[in-house]
Amino acid sequence: MKPTKLLLLHFLIFSLSCNSQAQESWIEIVQPTIEQEATSIWRTINDINFLEEQGYHINLPKDSLIDSLVKKSKSGNFGNEDFAAIYTLVETKVFEQKNYEQAIRKVGNEINLLNNLLDEINDKKADWDWDFKMFKKYRVVFTLYGTGGSYDPDEGIITLLTNQQGGFMNYKNPANTIIHEITHIGMEYSIVGKYNLSHGLKERIVDTFVYLMFQEKLPEYSVQTMGDANIDQYLNKKKDIESLDEIISAFSKK
Numbered sequence: 008m009k010p011t012k013l014l015l016l017h018f019l020i021f022s023l024s025c026n027s028q029a030q031e032s033w034i035e036i037v038q039p040t041i042e043q044e045a046t047s048i049w050r051t052i053n054d055i056n057f058l059e060e061q062g063y064h065i066n067l068p069k070d071s072l073i074d075s076l077v078k079k080s081k082s083g084n085f086g087n088e089d090f091a092a093i094y095t096l097v098e099t100k101v102f103e104q105k106n107y108e109q110a111i112r113k114v115g116n117e118i119n120l121l122n123n124l125l126d127e128i129n130d131k132k133a134d135w136d137w138d139f140k141m142f143k144k145y146r147v148v149f150t151l152y153g154t155g156g157s158y159d160p161d162e163g164i165i166t167l168l169t170n171q172q173g174g175f176m177n178y179k180n181p182a183n184t185i186i187h188e189i190t191h192i193g194m195e196y197s198i199v200g201k202y203n204l205s206h207g208l209k210e211r212i213v214d215t216f217v218y219l220m221f222q223e224k225l226p227e228y229s230v231q232t233m234g235d236a237n238i239d240q241y242l243n244k245k246k247d248i249e250s251l252d253e254i255i256s257a258f259s260k261k
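Residues 8 to 261, numbered by our numbering, are exactly what the sequence shown covers, in order.
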């Protein structure tokens, strides 16, 4: 084979390899829709009592309809039949695609970091005594309404709260919240469900996992003051993640 043809072949192989790697991202950014925003609002109102009890800061559209639906939910009368009114409000008064542009751009800038974090989990989870559930693709959905972040453990969907300026709850870098929600998905059934953990303890264990795994790559990340702090004496080193099931099993019997 002539040198020029050989060089061309090497270039084509390299290009295909780069394209293949680019297509293997763990993260897919999803453009917001009217239905998705209406769903975020409905779920927030439906869970309003729980969210307020947990002390969450709640974001909802400022409208008399929303005020009336919140009162309805608190009295136990809110339901599926209220979705249509919320959808109409979002469609006619609330939704504008441009409101999400800055947030989408900021998450796009963190794709490489998120892929790196997920690669590390994927490489190490085989050595753990518990199953970290992973999806081939995590879909990141944006919302202007809700509490901060949420997750669907069955679909691998992360819903990320933002604002029209592209700001995020708790952290400037959205990668912190996204990996937090991905960790929720990872341990939802194998740890949280298995041991029927309280909401506060669940949050503390998820935070501790992220902090221990990625404190150098996510220097802004911190552990919330939620749940039983006594778990900290058993789960305080990166090595402890390997035996998380054993640790939680022993702790839950105390």
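Where a beta carbon is used, it is the ideal one built from N, C-alpha and C, also for glycine.
By a C-beta neighbour count over all protein chains shown, 10 Å radius and 16 as the cutoff for buried, is residue i buried or exposed?
i, result
"E127", "exposed"
"K261", "exposed"
"L31", "Inspection of the sequence shows that residue 31 is occupied by Glu rather than by Leu. The residue in question, E31, is exposed, as its Cβ has fewer than 16 Cβ neighbours within 10 Å."
"K144", "exposed"
"N66", "buried"
"R211", "buried"
"G200", "exposed"
"D239", "exposed"
"L214", "The residue you asked about is not Leu; residue 214 is Asp in the sequence shown. The residue is buried, with at least 16 neighbouring Cβ atoms inside 10 Å."
"S47", "buried"
"S205", "exposed"
With a Cβ-Cβ cutoff of 8 Å, do residue i and residue j count as a contact?
i, j, result
"E227", "N180", "yes"
"G153", "T51", "yes"
"D54", "L96", "no"
"V147", "I185", "yes"
"I34", "L121", "yes"
"L225", "N183", "yes"
"I165", "I189", "yes"
Quick one: residues in its chain with C-beta nearer than 7 Å to the C-beta of residue i, no 5 flanking neighbours on either side, listed in chain order?
i, result
"F142", "G163"
For a test of the three-state rule: what should DSSP assign to residue i, helix, strand or coil?
i, result
"E5", "This structure cannot speak to residue 5, because the chain is shown only from 8 to 261."
"N53", "helix"
"T150", "strand"
"D235", "coil"
"L242", "coil"
"Y158", "strand"
"I111", "helix"
"L219", "helix"
Taking only the alpha-carbon atoms, compute the straight-line gap between residue i and residue j and give it to the nearest angstrom.
i, j, result
"T99", "A92", "11 Å"
"E108", "D161", "27 Å"
"S259", "F102", "45 Å"
Among the residues of its own chain, which have a CB less than 6 Å from the CB of residue i, if the five just before and after it don't count?
i, result
"L16", "At L16, the pLDDT of 41 sits below 50, so the modelled position is not reliable and the matter cannot be decided from this model."
"A110", "F149, T169 and G173"
"G207", "M233 and G234"
"D252", "D136 and W137"
"P39", "Y107 and F149"
"Y158", "I165, E188, H191 and I192"
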